Amino acid sequence: MTEKIKVMIPEEDVAKRIEEIGKRISEDYAGKQVHMICVLKGGVFFMCELAKRITVPVSMDFMSVSSYGDGTSSSGVVKIAKDLDESLEGKDVLVVEDIIDSGRTLFYLLEILKKRHPKSMRLCTLLDKPDRRVRDVSVDYVGFEIPDEFVVGYGLDYAQKYRNLPYIGVVEFEE
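For the numbering used here, count along the sequence shown from 1 and bump the result up by 1.
Pasting the structure below:
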């Protein structure tokens, strides 16, 4: 079986929307510094592009998390594979994700981060699949709301492939 990638959101639309989100974040954080937390690996492409479009001071940190379930679905119980390098205490934190679907893993992750006493904490995602949501996660900044399709590009992968695509594509499998 081979896969074919069909463009869902063209590169120009992704760039324009990231510009808009960056402007809004800059307005919301006027006079403050935003501490961006990237959830690796997929979020790194989006966070770097977003950070370049934010006009207030920015600091960054990265974490890698995984969740375990029955092998085909996430339980949402988070295992931290790489923790943050800096304390969150007293910081205005912006968690940056590539995609939010069920919300399970992110719900637990946000609970963990809240216990680290940030001054404020908001959530930004490039893609949101609200139809798949099973845990209530409040998203402050959304790039695109998308249907329940398997997408790649802009950090999202299929078997570690296609992360570097400059657009959002849908994976179509062919026999």
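Ideal Cβ positions, reconstructed from N, Cα and C, are used throughout, including at glycine.
As the structure is a computational prediction, the values presented were derived from the model and not from experiment.
Based on the DSSP secondary-structure assignment, which residues constitute the bridge partners of residue i?
{"i": "Y142", "result": "C125"}
{"i": "I19", "result": "I19 is not bridged to any residue."}
{"i": "F63", "result": "C39"}
{"i": "K24", "result": "DSSP lists no partner for K24."}
{"i": "L95", "result": "M37 and R123"}
{"i": "I81", "result": "V66"}
{"i": "D7", "result": "The residue you asked about is not Asp; residue 7 is Lys in the sequence shown. Its beta-bridge partners are V171."}
Please state whether DSSP places residue i in a helix, a strand or coil.
{"i": "T101", "result": "It is worth fixing the name first, because residue 101 is Ile in this sequence and not Thr. Strand at I101."}
{"i": "E173", "result": "strand"}
{"i": "S88", "result": "coil"}
{"i": "K120", "result": "coil"}
{"i": "Y109", "result": "helix"}
{"i": "K53", "result": "coil"}
{"i": "G32", "result": "coil"}
{"i": "V152", "result": "strand"}
{"i": "R164", "result": "coil"}
{"i": "K115", "result": "helix"}
Please report the distance separating the alpha-carbon of residue i from that of residue j.
{"i": "D62", "j": "L127", "result": "18 Å"}
{"i": "I113", "j": "I100", "result": "19 Å"}
{"i": "E98", "j": "P148", "result": "17 Å"}
{"i": "R18", "j": "S27", "result": "14 Å"}
{"i": "Q161", "j": "H118", "result": "34 Å"}
{"i": "M64", "j": "P11", "result": "28 Å"}
{"i": "Y142", "j": "D84", "result": "24 Å"}
{"i": "D14", "j": "L95", "result": "23 Å"}
{"i": "P167", "j": "M48", "result": "14 Å"}
{"i": "M2", "j": "E176", "result": "5 Å"}
{"i": "D137", "j": "D129", "result": "13 Å"}
{"i": "K115", "j": "Y109", "result": "10 Å"}
{"i": "F174", "j": "D132", "result": "22 Å"}
So residue i packs on residue j, CB below 8 Å; how close in whole Å?
{"i": "G170", "j": "V8", "result": "5 Å"}
{"i": "V172", "j": "I38", "result": "The Cβ separation is near 28 Å, so there is no contact."}
{"i": "V59", "j": "V35", "result": "6 Å"}
Would you please verify whether the beta carbon of residue i is less than 8 Å from any beta carbon of chain B?
{"i": "E173", "result": "Looking at the structure shown, chain B is missing, and only one protein chain is on hand."}
Quiz item: Would the region 109-123 and the region 154-164 be scored as touching if the rule is three or more Cβ pairs under 8 Å?
Solution: Contact fails: fewer than three Cβ-Cβ distances are below 8 Å.
Quiz item: Taking contact to mean at least 3 C-beta pairs separated by less than 8 Å, is the region 104-111 in contact with the region 82-89?
Solution: Two segments are said to touch when three or more pairs of C-beta atoms, one from each, lie closer than 8 Å; by this definition the region 104-111 does not touch the region 82-89.
Quiz item: Are there three or more Cβ pairs, one per stretch, closer than 8 Å when the region 23-34 is compared with the region 52-61?
Solution: Contact between the region 23-34 and the region 52-61 is present, because at least three Cβ pairs lie under 8 Å.
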